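Have a look at the structure below, then the notes.
Protein chains: 4
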Amino acid sequence: MEKIRIGIFGGSGYGGSELLRILLAHPQAQVSLVTAHEHAGKAVGEVHRNLYGLTDLKFVSAPDELAASVEGFDCVFFALPHGQALELAPRLPANVKAVDLSGDFRLGDAQEFLQHYGREHTATELQREFVYGLTETNREAIRRARLVANPGCFATATLLGLAPLVAEGSLSGRVIVDAKTGSSGSGAKAAANTHHPQRSNSFYAYKPFTHQHVPEIEQELRRVGDWTSELVFMTHSLPVARGIFASIYAETKDEIAAERARELFAEFYRDSFFVRLVSGSPDINWVKTTNFCDIGFAARGRSLVVFSAIDNLVKGAAGQAVQNMNLMFGLEEKTGLLLSGTNP
Amino acid sequence: MEKIRIGIFGGSGYGGSELLRILLAHPQAQVSLVTAHEHAGKAVGEVHRNLYGLTDLKFVSAPDELAASVEGFDCVFFALPHGQALELAPRLPANVKAVDLSGDFRLGDAQEFLQHYGREHTATELQREFVYGLTETNREAIRRARLVANPGCFATATLLGLAPLVAEGSLSGRVIVDAKTGSSGSGAKAAANTHHPQRSNSFYAYKPFTHQHVPEIEQELRRVGDWTSELVFMTHSLPVARGIFASIYAETKDEIAAERARELFAEFYRDSFFVRLVSGSPDINWVKTTNFCDIGFAARGRSLVVFSAIDNLVKGAAGQAVQNMNLMFGLEEKTGLLLSGTNP
Amino acid sequence: MEKIRIGIFGGSGYGGSELLRILLAHPQAQVSLVTAHEHAGKAVGEVHRNLYGLTDLKFVSAPDELAASVEGFDCVFFALPHGQALELAPRLPANVKAVDLSGDFRLGDAQEFLQHYGREHTATELQREFVYGLTETNREAIRRARLVANPGCFATATLLGLAPLVAEGSLSGRVIVDAKTGSSGSGAKAAANTHHPQRSNSFYAYKPFTHQHVPEIEQELRRVGDWTSELVFMTHSLPVARGIFASIYAETKDEIAAERARELFAEFYRDSFFVRLVSGSPDINWVKTTNFCDIGFAARGRSLVVFSAIDNLVKGAAGQAVQNMNLMFGLEEKTGLLLSGTNP
Amino acid sequence: MEKIRIGIFGGSGYGGSELLRILLAHPQAQVSLVTAHEHAGKAVGEVHRNLYGLTDLKFVSAPDELAASVEGFDCVFFALPHGQALELAPRLPANVKAVDLSGDFRLGDAQEFLQHYGREHTATELQREFVYGLTETNREAIRRARLVANPGCFATATLLGLAPLVAEGSLSGRVIVDAKTGSSGSGAKAAANTHHPQRSNSFYAYKPFTHQHVPEIEQELRRVGDWTSELVFMTHSLPVARGIFASIYAETKDEIAAERARELFAEFYRDSFFVRLVSGSPDINWVKTTNFCDIGFAARGRSLVVFSAIDNLVKGAAGQAVQNMNLMFGLEEKTGLLLSGTNP
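Chains as they are written, first to last, in this note's numbering: chain U, 42 to 385; chain F, 42 to 385; chain B, 42 to 385; chain L, 42 to 385.
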């Protein structure tokens, strides 16, 4: 089989950096183009110094003529700030597949998009063609998709912890998600909330109730099952570089013991290599740098707590994007994704 | 006024270490005795090297004759592993006051004690004399108390975030407390869960539903108001040395805006110097090494979220113990406790 | 005695923040003015949230008329970026004392200043009046000074570890200083080198040979003794918020055992409360948030290694500035500076 | 080609854990046995939870009959505490190759071994057969070796930074190595020096002059060139999980500019994929989890400073062990070792 010829738009951020790490070692991928406005002309390994010695690729500026620049390509990834894929995707040739890591095409409702992203959706036609890329709940549609909207990192951790329960119709009452993220979730640009002297001994909540991942979570839960619960979603900042941990507090219609919950999840995820059901609590330490989502359970009466841990940049971004690409090109889902974490 | 003559039983752990830091600088305190079995004979500043140069005190072994060892003393602190104050408190002379930092005398119900601490309560008579030492909810009783059971760290953060709502009778439905603690909460002895290579990049849940601070929280909430809600209490481990952050998810009978919640708390804590109501979220970074509890709010409809942040070793242990001692000896509550935190 | 009336110019950075922490609790100090351009009008406790509840001070803009703004003041601190005290100091009334925390007045040689700070020295007249404020080597001159140039953080750690050896004339051959600093040394503004995702797992060298603290170190060593050695000075970045650790590799003319070095230092620092000689290695953990400099030794043959640890923002900046102020106003040197560190 | 059949003795520590991570993904390796006394019977993925889902291997007890247990094996790794390979290696069948990650067979001199490891060398005969496994300086001997003594982590970082200079005969005067290590260097067992509350804000020196890696460094430098300098070797503890950074202060006979040093190293390491020469300083952040050694330079006059950064568990242990295995079995050196690090 010929390699998939790939362009990455937005290679300087953490999403782009992790895409490069994964795709450069992917046996079926060939990265032919990677853009980065501010680093144009520089070697990839000079910017992402983890990749020094592993590639001769150089960053280029964003091309004026998108279509021409991707001629002969099979797949592009958009790893750009919100709002840019909105401009680029409509200009893609019809024979080029795409995975967008931003929030531009996740929401089907233009009004919701406006509300959460603060801009008009200017490509609502195309929006219909985009498939929501949570691999584990949407595998078949992704296989057939030309365009995939890769889920947000918080949405991934939350949805993987809730989908089996919603699909089964097990829930009643409101669901509370207490989610925590590492600092790389804020991106590669220095900012006050990631200033090391402050962040390294801190823990705090932010964006209460209003995180932009909420609508995509609810949209996907409605697709997966009969979601009518209230979602209380709270994001917090952790003093680590990588990782998301979601503590999901559900009320179930009937008592569900932890062991039974585990069986239910095992059944739902029986074909999902990257979901690992653990005993006790997962730990972000064990999923860091990997594409795994580790899930654990605790239960008492009708209170069921699901714990979900991912690496925000891998299963929460670049890893899942490649997982989706694999499906879109008929490859085995885990090709190039057996990134084992480390101990410690 | 003469200084309060003080003995500290258990000076080698973090509770004892912080008691020493605070009491050595307290204008009305004179530490005359500090025990530490394994460090007997060593200078305090040799073990707690932060105190090197600040005191000539030496550790002594636990005395055989407790009563004799504290003759002439005004106050003792027990900063010992669970189960030891149980043995010592009954042997204290009647004219010596005491603050116990362990869980030995927090619970009024012997059965609950057995269940959560795994041992018989052998001093149930004395138990009745102990006053629960959450200063802000129990100030008057503490002023009159000879014996005070200092609250647990998680209990302190949680109770300060819930007490005003329970006192006001504002709650309906279950309350979820997602609590996170720094590694010093595990004590000064090295253990697998505080092994630096693991802990420094980790976040995980532990003791689901069963943390031993749950019964003291519910006991105090019943005293403060009409507590009948279900409490879902979940503890997690943070990769920082100090700090507790509790995200408290309440359902209120009527809609309560964040601003209104703030007013209600401001009224409840109007005489409580150490509770600071902040705008937005508190951050453990701002309370570390201090006796403050910072509290913030978020609300939507009948969902009210209270965020509560303390230093687990100060307001959650040694600081509150001294705050209680101040009251027990007629001093101003904040004497010796104006420990300002640092930025960063 | 009346309190010292104080103005702080530059209260928003970490130097200013720590000056506020210390001076607000100082028994003889009264902070009457604190400037911060970008925070003018805001409460100090809103910006430095560690101080929330501890002061009603508000930030003001830098005054147009410096002299008028400090009328009636006894002392001002400049905690401003390099180059600003240069403009302000000449405009101070003659009866107002000043401590400058920047590098503007540390170097006696205008040429060296130009070389290391990249600007002309525009106040060379005034420069002669400034006394170098390393308290332990320059105590008597500081007592009599109206103007003090507070040493750099690296310079403080290094000089305290070298001065006794230079004073004694013990050295031969070159001296190598391998110095490491926490991230707060880069200031309170977010920047690439303090971006938490990068910094939290990093260690690297920077500014090899050329750090701007080198000339003040050599200048002071020449004053203290007969310094003719070559100084190899290398700065590194540590992934902690606070602390400087200097490993100083000296060659001595004769063999000096560690114990003998300790005696020599003990004699040199016999009146210096804030220098603590430790057995084994010091640790930044034990000096953090304090004004102590902990010093330890290792020796083999004519190789003597001195380890020196300080908190870069306290003994390396604000704490030493207050220590100097105490001397300048006839107070005991440690007034307001018994900031005990914490364990952990 | 058939896969190399492998046994790992000591699979529970960090060395063993990283061997498993690497070898389980190595295209030519088949791990058939892994011992761990305390975890016998447990799944590997239950202990090293990063590997959960990636292998069905189970730990077994150390076999009574070593020879029988490795029948049909091609290679064993000893990842055991010092002193155990000493017992096991003599009992290996002659057709089984071995790499020992401990210090048991690194030193040719039994007297030095006794001095630094505190025990008699009981296999001095076999010692002669062991080849010192610093791949980059000893490649040809390793290719022909049956038994390889894998270098210590500090020794690896130091030797790679010094070998080209010693080979070239460029040095005069003493050499100072200021080395810093992450906490995983202390192993997988919890201990006071790796207790998270202490370690996370600490930096200190330890084992001054006496680290057990010193003799293997000097032994190898004597083999590589004409090493007669004095070595001052100082180890320090960093508050990160992984990484070693060595700042090597050399005096050169003639002035060597940084650029010239770089050329000299480039020539020396022209066939060494895993040595990367960087501009400016290396950073442990860029080598973590990889087999790379990043080296940078700074120079002034005859002072040349070499900075060397590795991951202590990979290039400093398991990675280099596999690199050596590759050579011993005629494979390309980097087979299975293209572990790219991550950003961040």
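Ideal Cβ placement from N, Cα and C applies to all residues, glycine included. In this text, all values refer to a predicted model and were calculated from it rather than measured experimentally.
Which residues in chain U sit within 7 Å of residue i, going by Cβ to Cβ distance?
i: L:Gly-228; result: The premise fails here: L:Gly-228 is roughly 10 Å from chain U at the closest Cβ pair, so nothing lies under 7 Å.
i: F:Lys-329; result: Asn-242
Are residue i and residue j touching if we call contact CB-CB under 8 Å?
i: B:Ser-58; j: F:Asn-332; result: no
i: B:Leu-201; j: B:Glu-292; result: no
i: U:Glu-261; j: U:Leu-188; result: no
i: B:Tyr-158; j: B:His-123; result: yes
i: L:Tyr-290; j: L:Val-255; result: no
i: F:Tyr-93; j: F:Gly-86; result: yes
i: F:Leu-121; j: F:Gly-51; result: yes
i: B:Gly-54; j: B:Ser-73; result: no
i: F:Leu-354; j: F:Arg-283; result: yes
i: F:Thr-330; j: F:Gly-382; result: yes
i: B:Val-117; j: B:Thr-76; result: no
Which of the three DSSP states is assigned to residue i in this structure?
i: B:Glu-161; result: coil
i: U:Arg-147; result: coil
i: F:Leu-354; result: coil
i: U:Arg-208; result: According to the sequence as given, residue 208 of chain U is Ala; it is not Arg. DSSP places U:Ala-208 in helix when its eight states are reduced to three.
i: U:His-89; result: coil
i: L:Phe-393; result: Missing from the structure shown is residue 393 of chain L; chain L here goes from 42 to 385 and no further.
i: U:Leu-142; result: coil
i: F:Tyr-247; result: strand
i: F:Gln-71; result: strand
i: F:Ser-320; result: coil
i: F:Ser-278; result: strand
i: L:Ile-297; result: coil
i: F:Thr-383; result: coil
i: B:Tyr-290; result: strand
i: F:Phe-119; result: strand
Can you pull the chain U neighbours of residue i, defined as C-beta to C-beta under 8 Å?
i: B:Ser-313; result: Going along chain U, no residue has its Cβ under 8 Å from B:Ser-313, so there is no contact; the nearest lies around 28 Å.
Residue i versus chain U: which residues are under 9 Å apart at the beta carbon?
i: L:Tyr-310; result: The contacting residues do not exist; L:Tyr-310 stays about 12 Å from chain U at best.
i: F:Phe-250; result: Ala-339, Ala-340, Arg-341, Ser-344, Val-346
At a CB-CB cut-off below 9 Å, which residues of chain L make contact with residue i?
i: F:Ala-350; result: What F:Ala-350 touches in chain L: nothing, since even the nearest Cβ is about 18 Å away.
Could you list which residues in chain L have their beta carbon closer than 8 Å to that of residue i, in chain order?
i: U:Thr-176; result: Result: empty, since nearest Cβ-Cβ is about 16 Å, beyond 8 Å.
Which residues in chain F sit within 7 Å of residue i, going by Cβ to Cβ distance?
i: U:Val-284; result: Val is not the amino acid found at residue 284 of chain U; the sequence shown has Gly there. Ordered by position in chain F, the residues that pass the 7 Å Cβ test against U:Gly-284 are Phe-244.
Run through chain F and tell me which residues come within less than 8 Å of residue i, C-beta to C-beta.
i: B:Arg-379; result: The sequence as given places Leu at residue 379 of chain B; Arg does not occur at that position. The answer, in chain order, is Ala-66, Leu-95.
For a contact defined as C-beta to C-beta under 8 Å, what are the partners of residue i on chain B?
i: L:Asp-324; result: Ser-243, Phe-244, Tyr-245
If the cut is a Cβ gap below 9 Å, which residues of chain F does residue i touch?
i: U:Pro-256; result: Per Cβ cutoff of 9 Å: no residues; U:Pro-256 is ~15 Å from chain F at best.
* To do: State whether the stretch 218-227 of chain L contacts the stretch 152-166 of chain L, with contact taken as three or more CB pairs (one from each stretch) at a distance under 8 Å.
  => The stretch 218-227 of chain L vs the stretch 152-166 of chain L: no contact.
* Asked: What are the residues of the stretch 233-247 of chain U that lie near chain B, defined by any Cβ-Cβ distance shorter than 9 Å?
  -> Result list: Ala-233, Asn-234, Thr-235, His-236, His-237, Pro-238, Gln-239, Arg-240, Ser-241, Asn-242.
* Compile a chain-ordered list of the residues in the stretch 353-368 of chain F whose CB is closer than 9 Å to at least one CB of chain U. => Answer set for the stretch 353-368 of chain F: empty.
* Is the stretch 297-310 of chain F touching the stretch 223-238 of chain U in the sense that three or more CB pairs, one from each, lie closer than 8 Å? -> Touching, no.
* To do: Pull out every residue of the stretch 63-93 of chain F whose Cβ sits closer than 8 Å to any Cβ of chain B, in chain order.
  => For the stretch 63-93 of chain F, which is checked against every Cβ of chain B, the residues closer than 8 Å are Leu-65, Ala-66, His-89, Arg-90, Asn-91, Leu-92, Tyr-93.
* Can you list, in chain order, the residues of the stretch 197-230 of chain U whose Cβ is nearer than 7 Å to any Cβ on chain L? -> Of all residues in the stretch 197-230 of chain U, only Ser-225 place a beta-carbon less than 7 Å from a beta-carbon of chain L.
* To do: Could you please tell me which residues of the stretch 96-116 of chain F, in chain order, have their CB closer than 8 Å to any CB of chain U?
  => So the list is empty, because no residue satisfies the distance condition.
* Residues of the stretch 49-62 of chain U whose Cβ lies closer than 8 Å to any Cβ of chain F, in chain order -> Of all residues in the stretch 49-62 of chain U, none comes within less than 8 Å of chain F when Cβ atoms are compared.
* To do: Report yes or no: do three or more beta-carbon pairs, one from the stretch 177-188 of chain U and one from the stretch 242-258 of chain U, lie closer than 8 Å?
  => Output reads no: the stretch 242-258 of chain U does not touch the stretch 177-188 of chain U.
* Three or more C-beta pairs closer than 8 Å, one from the stretch 362-377 of chain B and one from the stretch 61-75 of chain B: is that the case here? -> The stretch 362-377 of chain B and the stretch 61-75 of chain B touch, with no fewer than 3 CB-CB distances between them shorter than 8 Å.
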